[in-house]
Amino acid sequence: MSTVVEMLNVTKTFGEGSSIVKALDGVDIRIEKGEFVAIVGASGSGKSTMMNLIGCLDRPTAGLVKVAGEDLSELNDKKLTSLRNLAIGFVFQSFFLLPKTDALDNVATPLFYRGVPAKEARKKAMEMLTKLGMADRHTHQSTQLSGGQQQRVAIARALVTEPSLILADEPTGALDSNTGKQVMDLFEGLNREGITIVLITHDLDIAKRAKRRITLKDGKIINDERDVA
Amino acid sequence: MNILIAARLAFSRIIATKTRSGLTMLGIIIGVMSLIALVSVAQGATSGIQDQFKGLGARNLNITGTTNQSLTTDDVKEIEKLSGIEIVTETVSGRVTLSSNEASTRAQIIGVDQNYKTVVDPDIFVGSFLPDVTNASDARLIVLSTTLASDLKLDAYSIGSSIAVGSTEFTIVGILDDADGFGTRGTAYIPLETAFKYVAVPPYLSSITVQTTSEEIVPEVTTNLTALLKARHNITGEREADFVITDASQLLDAIGTVQQFLSLLLGGIASISLVVGGIGIMNIMLVSVRERTREIGIRRAIGAQQSQILTQFLIEAIVLSLVGGIIGVIIGEVVAYFLAQLGQWNFALSPTMILASLGFSMFVGVVFGVWPARTASKLKPVEALRFE
Ligand SMILES: Nc1ncnc2c1ncn2[C@@H]1O[C@H](COP(=O)(O)OP(=O)(O)OP(=O)(O)O)[C@@H](O)[C@H]1O
Ligand SMILES: [Mg+2]
Chain A
1 MSTVVEMLNV
11 TKTFGEGSSI
21 VKALDGVDIR
31 IEKGEFVAIV
41 GASGSGKSTM
51 MNLIGCLDRP
61 TAGLVKVAGE
71 DLSELNDKKL
81 TSLRNLAIGF
91 VFQSFFLLPK
101 TDALDNVATP
111 LFYRGVPAKE
121 ARKKAMEMLT
131 KLGMADRHTH
141 QSTQLSGGQQ
151 QRVAIARALV
161 TEPSLILADE
171 PTGALDSNTG
181 KQVMDLFEGL
191 NREGITIVLI
201 THDLDIAKRA
211 KRRITLKDGK
221 IINDERDVA
Chain B
1 MNILIAARLA
11 FSRIIATKTR
21 SGLTMLGIII
31 GVMSLIALVS
41 VAQGATSGIQ
51 DQFKGLGARN
61 LNITGTTNQS
71 LTTDDVKEIE
81 KLSGIEIVTE
91 TVSGRVTLSS
101 NEASTRAQII
111 GVDQNYKTVV
121 DPDIFVGSFL
131 PDVTNASDAR
141 LIVLSTTLAS
151 DLKLDAYSIG
161 SSIAVGSTEF
171 TIVGILDDAD
181 GFGTRGTAYI
191 PLETAFKYVA
201 VPPYLSSITV
211 QTTSEEIVPE
221 VTTNLTALLK
231 ARHNITGERE
241 ADFVITDASQ
251 LLDAIGTVQQ
261 FLSLLLGGIA
271 SISLVVGGIG
281 IMNIMLVSVR
291 ERTREIGIRR
301 AIGAQQSQIL
311 TQFLIEAIVL
321 SLVGGIIGVI
331 IGEVVAYFLA
341 QLGQWNFALS
351 PTMILASLGF
361 SMFVGVVFGV
371 WPARTASKLK
381 PVEALRFE
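Chain order of the listed sequences is A and B.
Residue numbering for the first sequence follows our numbering, starting at 1 and increasing by one per position.
Residue numbering for the second sequence follows our numbering, starting at 1 and increasing by one per position.
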């Protein structure tokens with residue numbers, strides 16, 4: 001098994017002087033290919049901070065973060081951006097589809113940024129929308145889709161680049177419980193296909209459906225448990 | 001991301017926000033429109049004058065006195081002896097009151113000799129120019145410009161009728177066509193000898209026009225004329241001559257300079273409004289970047305490089321200014337066309353001017369688009385994503 005994410009003694013602080021906040025405080029984790037991990041913890045425990053690091057959106061204050069074998073502190077903005085594009089598929093709580101853009105181009109956009117020719121990018125995007133059952137909605141813009149449909153498009157966008165890792169921050173947070181369940185079914189299915197998933201949630205029922213749960217408290221990992229296979 | 005996709009994105013964005021885009025472009029549209037219209041006015045108006053001067057003849061030299069008593073009929077006799085001279089014509093002028101039965105007006109009256117017709121070749125609207133009256137002692141004949149004729153409430157049937165010059169009756173023999181005569185509006189012509197009797201004091205002339213045998217010898221003849229007249233007028237050393245010699249080329253040069261100056265002046269004024277239009281674009285783009293912070297964050301998260309965000313916003317600014325420029329060119333040319341009809345000069349599309357305007361508006365887009373685009377590209381992904 002190859003390691004997708006590795007964190008060694010990672011610290012992330014915000015602010016300075018007396019108002020300094022330690023959002024992460026000496027975190028060590030390894031996430032291997034094919035894992036389905038839920039990161040749980042109370043509000044303010046450091047979940048989003050951790051997700052920003054794993055998602056190559058930010059660099060640690062101290063310690064080592066490796067994503068897909070790359071040490072983040074050694075990368076400039078350009079390389080960090082490329083790494084995000086290549087290795088990470090993001091799924092956000094409020095979907096974050098691009099405005100004034102149809103579903104097809106929303107899904108194709110990460111490929112556009114990678115330099116894939118438009119025609120080929122749209123072909124791949126269409127395949128991915130088909131896989132997620134959204135093919136008939138490919139001309140719809142986000143305003144014309146329901147929450148669950150928007151999240152499916154967002155998941156298609158995350159998958160289209162064939163990333164090492166799907167990173168989802170509260171993906172069911174804005175959905176009703178039934179639609180939320182469907183999205184979780186989708187994630188479980190994807191994980192069975194071998195796709196690595198890291199999911200952030202404070203909903204323990206959702207967390208139970210992952211195969212591993214990491215619990216954060218005040219920036220520290222207080223629990224890390226796996227389902228016995 | 002290739003430029004095409006960025007351009008398409010910019011276009012669909014501009015179409016999606018029609019009203020705002022239109023208002024943003026308005027500054028550029030007005031700027032380019034006034035640039036095109038004003039410069040075409042400057043060029044159209046002056047090129048009309050230029051054409052008229054060209055018609056005046058490149059072989060002609062005009063000598064005017066700087067005082068009322070600089071040039072005399074004796075000067076003319078000596079000038080005629082110089083080599084390279086085809087024909088010489090002399091004029092005197094004065095201001096008089098002309099009265100018809102119905103109206104009266106002050107006018108410039110010019111006394112011309114029999115050579116005037118050959119040298120200047122005036123265009124006749126109706127009747128004829130003054131006949132050769134060299135030997136008649138008191139030929140009270142007059143030719144009026146159209147403007148003057150209408151000021152006096154005369155028409156084409158007035159040929160042969162009489163009007164009063166001061167208190168003397170003159171017979172109208174012709175009316176000039178003012179349309180392409182330069183400086184003839186409001187002017188009347190009478191024979192030279194007659195003029196010496198009623199409006200001017202002999203032997204003093206107001207101008208002498210010399211036609212040379214060829215265009216090439218104009219500078220040489222000018223030199224000789226200057227020497228001759230200086231000697232005759234006892235002007236030595238550094239003393240300033242009491243006459244001025246001009247030829248068509250000088251006039252054409254002068255008009256060319258005026259044309260350039262006018263174009264620059266009017267173009268400069270219009271350019272200022274174009275720059276103001278650019279600031280409008282910058283303003284809206286900055287607002288747009290703020291509003292779209294979240295979108296920028298999403299794009300950065302899914303792999304847009306800073307340079308790709310920069311390109312997207314820069315192209316949007318350029319498309320705004322360029323589309324504004326194109327609309328401005330179209331409206332500007334239409335306005336220029338109607339102004340040309342109004343001012344009676346030739347309307348011509350100038351490709352250089354059109355390309356320059358479009359180039360300038362694009363340049364404005366780049367200059368004023370860079371700052372907002374840079375602002376957008378420098379947003380930190382994490383913070384942009386969290387932006388509400
Ligand atoms: N940009 C920032 N500037 C200052 N403090 C920050 C910043 N980002 C996070 N923090 C602080 O770091 C700590 C961890 O925040 P984080 O957003 O990671 O929590 P979280 O576990 O995601 O909480 P929630 O469940 O409410 O989303 C908090 O105390 C927060 O105030
Ligand atoms: Mg959070």
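Idealized CB from N, CA, C, for every residue including glycine.
Quiz item: With 16 other CB atoms within 10 Å as the buried threshold, where does L264(B) fall?
Solution: As a first step, residue 264(B) must be located in the second sequence, where it is residue number 264. Its Cβ having fewer than 16 others within 10 Å, L264(B) is exposed.
Quiz prompt | Where the beta strand (DSSP E) containing T196(A) begins and where it ends | solution = For the purposes of this step, residue 196(A) is identified with residue 196 of the first sequence, where counting begins at 1. For T196(A), the enclosing beta strand (DSSP E) begins and ends at 196 to 200.
Practice problem: Quick one: which residues of the segment 60 to 81 of chain A get their C-beta closer than 8 Å to a C-beta of chain B? List them in chain order. | Solution: Close to chain B, meaning a Cβ-Cβ distance shorter than 8 Å, are the following residues of the segment 60 to 81 of chain A: D77, K78, T81.
Quiz prompt | Proximity below 9 Å, CB of T24(B) to CB of I281(B) | solution = By 1-based counting over the second sequence, the position of residue 24(B) is 24. By 1-based counting over the second sequence, the position of residue 281(B) is 281. Going by beta carbons, T24(B) and I281(B) fall inside the 9 Å limit.
Practice problem: Using alpha carbons as the reference points, say which of E193(B), P381(B), S357(B) lies closest to I28(B). | Solution: Within the second sequence, residue 28(B) is the residue found at index 28, counting from 1. Cα-wise, what sits closest to I28(B) is S357(B).
Practice problem: Kindly list, in the order they appear in chain D, the residues whose Cβ is closer than 9 Å to that of P171(A). | Solution: Of the protein chains in the structure, A and B, none is chain D.
Quiz item: Under 8 Å Cβ-Cβ, which residues of chain B neighbour L98(A)?
Solution: By 1-based counting over the first sequence, the position of residue 98(A) is 98. Per Cβ cutoff of 8 Å: E295, I298, R299.
Self-check item: Separation of V40(A) from Q141(A), as counted between CA atoms
Solution: As a position in the first sequence, residue 141(A) is number 141, starting the count at 1. As a position in the first sequence, residue 40(A) is number 40, starting the count at 1. Between the C-alpha atoms of Q141(A) and V40(A) there is a straight-line separation of about 32 Å.
Practice problem: May I ask you to check if the CB of I206(A) is nearer than 8 Å to at least one heavy atom of ligand 2? | Solution: Counting from 1 along the first sequence, the entry for residue 206(A) is found at position 206. Flag unset: Cβ of I206(A) not near ligand 2.
Quiz item: Nearest chain A C-beta to L274(B) closer than 9 Å, yes or no?
Solution: Position 274 of the second sequence, counted from the first residue, corresponds to residue 274(B). Residue-level contact by beta carbon fails for L274(B) and chain A, as no gap is shorter than 9 Å.
Exercise. Identify which residue in S19(A), A135(A), G115(A), G46(A) has its Cα closest to the Cα of Q308(B).
Key: For the purposes of this step, residue 308(B) is identified with residue 308 of the second sequence, where counting begins at 1. In terms of CA proximity to Q308(B), G115(A) leads the group S19(A), A135(A), G115(A), G46(A).
Practice problem: Per DSSP, which residues does E169(B) bridge with? Please list them. | Solution: Along the second sequence, one-based indexing puts residue 169(B) at 169. E169(B) is bridged by DSSP to A164(B).
Quiz item: Who sits around ligand 3, taking every residue whose Cβ is closer than 6 Å to one of its heavy atoms?
Solution: As far as ligands go, the structure on display features ligand 1 and ligand 2 and does not contain ligand 3.
Quiz item: Which residue's Cα is closest to the Cα of V39(B): F261(B), K378(B), R374(B)?
Solution: Counting from 1 along the second sequence, the entry for residue 39(B) is found at position 39. Minimum Cα distance to V39(B) is reached at F261(B).
Quiz item: alpha helix (DSSP H) containing D227(A): first to last residue?
Solution: In the first sequence, counting from the first residue as 1, residue 227(A) sits at position 227. In the DSSP assignment, D227(A) falls outside any alpha helix (DSSP H) and carries neither an H nor an E.
Quiz item: Would you say G303(B) reaches chain A, if we count a Cβ-Cβ gap shorter than 9 Å as a contact?
Solution: Mapped onto the second sequence, residue 303(B) falls at position 303. True, the Cβ-Cβ gap to chain A drops below 9 Å.
Exercise. Compute the minimum distance between the beta carbon of A38(A) and the heavy atoms of ligand 1, and state whether it is under 8 Å.
Key: One-based indexing of the first sequence puts residue 38(A) at position 38. No; taking the cut-off as 8 Å, the Cβ of A38(A) has no heavy atom of ligand 1 nearer than that.
Self-check item: Terminal residues of the alpha helix (DSSP H) in which P122(B) lies
Solution: In the second sequence, counting from the first residue as 1, residue 122(B) sits at position 122. Counted as a single uninterrupted DSSP element, the stretch harbouring P122(B) is not any alpha helix (DSSP H), since DSSP gives it neither H nor E.
Practice problem: Under 7 Å between beta-carbons, which chain B residues line up against A118(A)? List them in chain order, please. | Solution: Position 118 of the first sequence, counting from 1, holds the residue named residue 118(A). Residues of chain B passing the Cβ test: I5.
Quiz item: In chain order, what residues of the same chain have a beta carbon less than 6 Å from the beta carbon of Y337(B), not counting five sequence neighbours either side?
Solution: For this step, residue 337(B) is matched to residue 337 along the second sequence. If you ignore the 5 residues before and after Y337(B), its C-beta comes within less than 6 Å of the C-beta of F347, all in its own chain and listed in chain order.
Quiz item: Which residues in the same chain have their Cβ closer than 8 Å to the Cβ of R292(B), if we skip the five residues on either side of it in sequence?
Solution: Residue 292(B) sits at position 292 when you count from the first residue of the second sequence. If we look at R292(B) and ignore the five residues flanking it on each side, its Cβ neighbours are A376.
Quiz item: Among T11(A), A103(A), P163(A), A121(A), which residue has its Cα nearest to the Cα of H138(A)?
Solution: As a first step, residue 138(A) must be located in the first sequence, where it is residue number 138. Nearest C-alpha to H138(A): A103(A).
Exercise. List the residues of chain A whose Cβ lies closer than 8 Å to the Cβ of Q308(B), in chain order.
Key: Within the second sequence, numbered from 1, the residue matching residue 308(B) stands at position 308. What Q308(B) touches in chain A: Y113.
Practice problem: Output the distance between the C-alpha atoms of E86(B) and D132(B), rounded to the nearest integer angstrom. | Solution: Your numbering for residue 86(B) matches position 86 in the second sequence. Your numbering for residue 132(B) matches position 132 in the second sequence. Between the alpha carbons of E86(B) and D132(B) lies a distance of about 18 Å.
Practice problem: May I ask you to report which of helix, strand or coil DSSP gives F182(B)? | Solution: For the purposes of this step, residue 182(B) is taken as residue 182 along the second sequence, with counting starting at 1. Residue confidence for F182(B) is low, a pLDDT of 49 falling below 50, so the modelled location carries little weight; the figure read from the coordinates is stated next. In this structure, F182(B) counts as coil in the three-state DSSP scheme.
Practice problem: Using a Cβ-Cβ cut-off of less than 8 Å, list which residues of the segment 27 to 60 of chain A approach chain B; keep chain order. | Solution: Within the segment 27 to 60 of chain A, the residues whose Cβ lies closer than 8 Å to some Cβ of chain B are N52, G55, L57, D58, listed in chain order.
Practice problem: Could you tell me whether any non-hydrogen atom of ligand 1 is closer than 8 Å to the CB of A384(B)? | Solution: Mapped onto the second sequence, residue 384(B) falls at position 384. No, since every heavy atom of ligand 1 falls outside the 8 Å radius drawn around the Cβ of A384(B).
Quiz prompt | DSSP bridge partner residues for Q108(B) (one or two, in chain order) | solution = Here residue 108(B) is taken as the residue at index 108 of the second sequence, counted from 1. Assignment of beta-bridge partners to Q108(B) by DSSP yields R95(B), T187(B).
Exercise. Determine, using beta carbons only, whether A376(B) comes closer than 9 Å to chain A.
Key: The count along the second sequence starts at 1 and reaches residue 376(B) at position 376. With 9 Å as the cut-off, A376(B) does not count as an interface residue toward chain A.
Quiz item: Checking contacts by CB at 9 Å: is A16(B) closer than that to chain A?
Solution: What you label residue 16(B) is simply residue 16 of the second sequence in a count that begins at 1. Yes - at least one Cβ of chain A is within 9 Å of the one on A16(B).
Exercise. Pick out the complete alpha helix (DSSP H) segments inside the segment 54 to 124 of chain A, 4 residues or longer, and give them in chain order.
Key: Correct list: 77 to 87, 103 to 114.
Self-check item: Alpha carbon of G325(B) to alpha carbon of S34(B), nearest angstrom
Solution: In the second sequence, residue 325(B) corresponds to position 325, counting from 1. In the second sequence, residue 34(B) corresponds to position 34, counting from 1. Their Cα atoms are separated by approximately 11 Å.
Quiz item: Does DSSP put V133(B) in a helix, a strand or coil?
Solution: If you number the second sequence from 1, residue 133(B) lands on position 133. Coil, per DSSP.
Quiz item: Helix, strand or coil: which one does DSSP assign to I302(B)?
Solution: One-based indexing of the second sequence puts residue 302(B) at position 302. In the structure shown, I302(B) sits in coil (DSSP, three-state: anything other than H, G, I, E or B).
Quiz item: Roughly how many angstroms separate the alpha carbons of F36(A) and T196(A), rounded to a whole number?
Solution: Position 36 of the first sequence, counted from the first residue, corresponds to residue 36(A). Position 196 of the first sequence, counted from the first residue, corresponds to residue 196(A). Taking the straight line from one Cα to the other gives about 6 Å.
Self-check item: In chain order, each beta strand (DSSP E) run of at least 3 residues that lies wholly inside the segment 123 to 178 of chain A
Solution: You should have 165 to 169.
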